[in-house]
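Just so we're aligned: the sequence shown equals residues 59 to 114 in the numbering used here. Just so it is clear, CB atoms sit at the ideal spot from N, CA and C, and this is done for glycine as well. Since this is a predicted model, take the numbers as computed values, not measurements. Working notes, structure below.
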Amino acid sequence: MKYALVETAGAQQATFETSSEDRVRRIVYRLQQDRTLHIDLLNQEGTPVEQFTLVR
Numbered sequence: 059m060k061y062a063l064v065e066t067a068g069a070q071q072a073t074f075e076t077s078s079e080d081r082v083r084r085i086v087y088r089l090q091q092d093r094t095l096h097i098d099l100l101n102q103e104g105t106p107v108e109q110f111t112l113v114r
């Protein structure tokens, strides 16, 4: 499955989206000042399916 980049907010956020009828429609990556990365997997309605936080 391919996700296309649809929105960015500088180097702090990137949103990817697919047009397929999959469980995960959007993936949002958010990088915080402390280098913590938040990843949200969202369904078609924008509700989180899974959420991850990566700490360095």
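- Per the coordinates, the alpha-carbon of residue 70 lies some 14 Å from the alpha-carbon of residue 112.
- In this structure, residue 99 lies near residue 108, with their beta-carbon atoms less than 8 Å apart.
- In this structure residue 82 is buried. Its beta-carbon is surrounded by 16 or more other beta-carbon atoms within 10 angstroms.
- About 6 Å separates the CB atoms of residue 85 and residue 61; that is less than 8 Å, so the two are in contact.
- For residue 103 and residue 73, the gap between their C-alpha atoms comes out near 15 Å.
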